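Quick note: full-length UniProt numbering has the sequence shown finishing at residue 416, numbered continuously throughout.
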Amino acid sequence: MRLKTSSWKKFAAFKNEVARSDSDIRNFMKLHLYDLLQHMYSSKRSQFWNLQDLKVNVQLSENESISQLDCQLHVVEKVAIGWKRLETSSCEEIKVLFLVASTPRSGSSFLGELLSQQENSLYIYEPLYYILKAQDISETEILYNMINCHISRGYVKFLRRLHTTDFIFRNNFTHPNNCGKKAKCLSTQALTKLCRSSCNRIIKVIRARMKWMQHLLDDSNIDLKVIHLVRDPRASIFSSSKTFKKELKAKYSCGDLYEDLLTTPKLIKEYPNRVMGITYEDFSIDPYGKIVCSKYPFQQLWGYQSPSISRATEIWQFISGEQNASLPDAWSKYLESHTRGQPKGKTDQSYSTYRYTYKEYQQWRLQITQEALVEIEKYCEPSLKILGYNIFGNLSNVKNITNPIFTEDRIPYSML
Numbered sequence: 001m002r003l004k005t006s007s008w009k010k011f012a013a014f015k016n017e018v019a020r021s022d023s024d025i026r027n028f029m030k031l032h033l034y035d036l037l038q039h040m041y042s043s044k045r046s047q048f049w050n051l052q053d054l055k056v057n058v059q060l061s062e063n064e065s066i067s068q069l070d071c072q073l074h075v076v077e078k079v080a081i082g083w084k085r086l087e088t089s090s091c092e093e094i095k096v097l098f099l100v101a102s103t104p105r106s107g108s109s110f111l112g113e114l115l116s117q118q119e120n121s122l123y124i125y126e127p128l129y130y131i132l133k134a135q136d137i138s139e140t141e142i143l144y145n146m147i148n149c150h151i152s153r154g155y156v157k158f159l160r161r162l163h164t165t166d167f168i169f170r171n172n173f174t175h176p177n178n179c180g181k182k183a184k185c186l187s188t189q190a191l192t193k194l195c196r197s198s199c200n201r202i203i204k205v206i207r208a209r210m211k212w213m214q215h216l217l218d219d220s221n222i223d224l225k226v227i228h229l230v231r232d233p234r235a236s237i238f239s240s241s242k243t244f245k246k247e248l249k250a251k252y253s254c255g256d257l258y259e260d261l262l263t264t265p266k267l268i269k270e271y272p273n274r275v276m277g278i279t280y281e282d283f284s285i286d287p288y289g290k291i292v293c294s295k296y297p298f299q300q301l302w303g304y305q306s307p308s309i310s311r312a313t314e315i316w317q318f319i320s321g322e323q324n325a326s327l328p329d330a331w332s333k334y335l336e337s338h339t340r341g342q343p344k345g346k347t348d349q350s351y352s353t354y355r356y357t358y359k360e361y362q363q364w365r366l367q368i369t370q371e372a373l374v375e376i377e378k379y380c381e382p383s384l385k386i387l388g389y390n391i392f393g394n395l396s397n398v399k400n401i402t403n404p405i406f407t408e409d410r411i412p413y414s415m416l
């Protein structure tokens with residue numbers, strides 16, 4: 001059996017010296033794994049892994065298979081390689097930002113592009129998407145590898161499939177100055193080089209749970225922040241069903257959302273100034289913070305109060321860590337061009353980030369069916385209440401736009 005790990009030759013040599021039993025080989029592998037973990041611990045990067053848990057794993061039953069031990073070593077060695085890559089980056093300081101959306105169709109593409117308008121930034125799109133059916137690898141390991149610019153061949157193949165849709169290249173994932181042409185960036189070597197040269201790494205995921213973020217936040221060697229983006233699940237789940245022509249799956253989606261909503265406030269408390277929650281509606285209604293009720297009477301009807309600063313500025317201050325920071329020019333220009341509708345020549349709006357944001361965030365209310373409304377409200381009621389959304393109950397109420405989307409006593413998600 002050829003082992004996955006880089007040390008497989010050592011094991012082969014060890015076995016061939018004299019006749020070795022499987023028990024001898026297992027003990028040798030356990031010892032090597034333990035030594036590797038001790039080395040990682042001494043590098044002061046052990047917060048990502050619970051060393052005590054891994055020590056227990058090393059001392060599993062005598063029947064522990066060689067292949068199982070091989071998988072453990074394979075994972076640990078890959079993480080160790082990732083640490084080395086992070087430590088050898090050309091940046092003096094690397095900042096990592098995760099944009100986590102609990103459900104698809106939550107406005108994450110729009111917000112992700114805005115976040116990527118920083119200088120020297122890399123926008124990593126959906127690193128978990130391509131490994132939904134992959135084996136022998138955890139979601140957390142994938143995310144950690146991306147932080148450390150460990151770009152896999154599988155991810156590159158995924159990007160190539162998206163090349164024609166322009167998902168990746170509409171933002172700062174690849175800059176022309178780095179690759180010349182888009183196709184030149186679509187290789188493991190090119191993307192790894194580009195990643196290592198980027199000091200700001202924005203990673204957008206909609207298939208991650210907020211509880212996974214704790215392992216990454218625990219690593220004191222990474223300057224990591226997390227934004228949790230949520231949208232009214234009646235809008236996001238219905239939109240996903242319509243866009244992808246699939247069943248609602250409200251029970252599953254609502255369960256994940258509820259779990260995230262319970263986790264995020266705990267993370268905000270445990271990691272001050274490193275975790276933020278925001279709703280798509282809060283951002284869409286007034287990204288600039290300029291709307292006045294006399295000009296837009298719907299602002300009062302929809303139960304919305306304008307913040308003292310714009311939502312975009314609030315996000316920027318969170319990212320920059322500067323309490324009084326003003327919105328960067330690049331962000332202002334992006335908002336100016338992307339919140340006033342579709343530019344000429346753009347016809348497919350399914351994935352477009354050009355929107356009349358203050359108009360379109362409630363379009364679902366005019367399109368949702370009675371069946372979908374009842375099912376989503378049934379399973380998502382706890383989440384709707386946490387976020388302060390009104391329960392409509394029937395099409396008559398939901399289609400009456402004078403009925404506010406938020407309750408009067410609602411507390412914004414960013415303040416929970």
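Backbone N, C-alpha and C fix where the C-beta goes; we use that ideal spot for every residue, glycine too.
Since we're looking at a predicted model, the values are computed, not measured.
In the structure shown, what three-state DSSP assignment does residue i receive?
i	result
residue 224	strand
residue 361	coil
residue 196	helix
residue 406	strand
residue 278	strand
residue 411	coil
residue 285	helix
residue 401	coil
residue 271	coil
residue 319	helix
residue 6	Residue confidence for residue 6 is low, a pLDDT of 47 falling below 50, so the modelled location carries little weight; the figure read from the coordinates is stated next. Reduced to three states, the DSSP call for residue 6 is coil.
residue 376	helix
residue 391	coil
residue 202	strand
residue 328	coil
residue 337	helix
residue 366	helix
residue 259	helix
residue 310	coil
residue 187	coil
residue 92	coil
residue 416	coil
residue 46	Because the pLDDT of residue 46 is 44, which lies under 50, any placement of that residue in the model is unreliable, and the number read from its coordinates should be weighed accordingly. In this structure, residue 46 counts as coil in the three-state DSSP scheme.
Excluding the five sequence neighbours on either side, which residues of its own chain have a C-beta within less than 7 Å of the C-beta of residue i, listed in chain order?
i	result
residue 428	This structure cannot settle anything about residue 428, because the visible part of the chain is limited to 1 through 416.
residue 237	103, 248, 250, 253, 376
residue 398	365, 368, 373, 392
residue 319	97, 225
residue 210	100, 228, 260, 263, 264, 267
residue 149	85, 192, 195, 196
Identify, in the order they occur along the chain, each residue of the same chain with its Cβ nearer than 6 Å to the Cβ of residue i, setting aside the five sequence neighbours on each side.
i	result
residue 280	106, 107, 231
residue 239	105
residue 401	none
residue 311	282, 283, 287
residue 126	none
residue 124	146, 203
residue 330	117
Between the alpha carbons of residue i and residue j, how many angstroms are there, rounded?
i	j	result
residue 393	residue 265	28 Å
residue 250	residue 257	10 Å
residue 140	residue 215	8 Å
residue 404	residue 96	36 Å
residue 221	residue 234	39 Å
residue 245	residue 207	19 Å
residue 406	residue 388	6 Å
residue 391	residue 416	20 Å
residue 383	residue 261	7 Å
residue 263	residue 409	22 Å
residue 196	residue 212	24 Å
residue 57	residue 27	For residue 57, the predicted model reports a pLDDT of 47, less than 50, meaning its position is unreliable; a value from the coordinates is still stated below. Between residue 57 and residue 27, the C-alpha separation is close to 13 Å.
residue 272	residue 381	29 Å
residue 396	residue 111	32 Å
residue 386	residue 269	17 Å
residue 339	residue 154	34 Å
Assuming residue i and residue j are in contact, meaning their beta carbons sit under 8 Å apart, how far apart are those beta carbons, in whole angstroms?
i	j	result
residue 226	residue 128	Contact flag wrong, Cβ pair sits at about 15 Å.
residue 122	residue 151	Their Cβ separation, rounded to whole angstroms, is 11 Å, which puts residue 122 and residue 151 out of contact at 8 Å.
residue 229	residue 101	5 Å
residue 368	residue 201	Contact flag wrong, Cβ pair sits at about 37 Å.
residue 277	residue 414	6 Å
residue 274	residue 194	About 26 Å separates the two Cβ atoms, so there is no contact after all.
residue 113	residue 379	That pair is no contact at about 31 Å.
Please work out which residues of its chain come closer than 8 Å, Cβ to Cβ, to residue i, disregarding the five sequence neighbours upstream and downstream, and give them in chain order.
i	result
residue 186	156, 159, 160, 163
residue 198	91, 120, 121, 122
residue 328	117, 118, 316
The ligand SAM and residue i: does any heavy atom of the ligand fall closer than 7 Å to the residue's C-beta?
i	result
residue 404	The ligand SAM is not part of the structure shown, which contains no ligands of any sort.
Would you say residue i reaches chain B, if we count a Cβ-Cβ gap shorter than 8 Å as a contact?
i	result
residue 189	The structure shown has no chain B; it contains just one protein chain.
For this session: Just list the alpha helix (DSSP H) runs in the stretch 95-159, keeping only unbroken ones of 4 residues or longer that don't cross its boundaries, in chain order.
Result: Fully enclosed alpha helix (DSSP H) runs of 4 or longer: 108-115, 139-147.
For this session: Please list the segments of the beta strand (DSSP E) lying wholly inside the stretch 204-252, counting only runs of 3 or more residues, in order along the chain.
Result: As for any beta strand (DSSP E) of minimum length 3 sitting wholly inside the stretch 204-252, the runs are 223-230, ordered along the chain.
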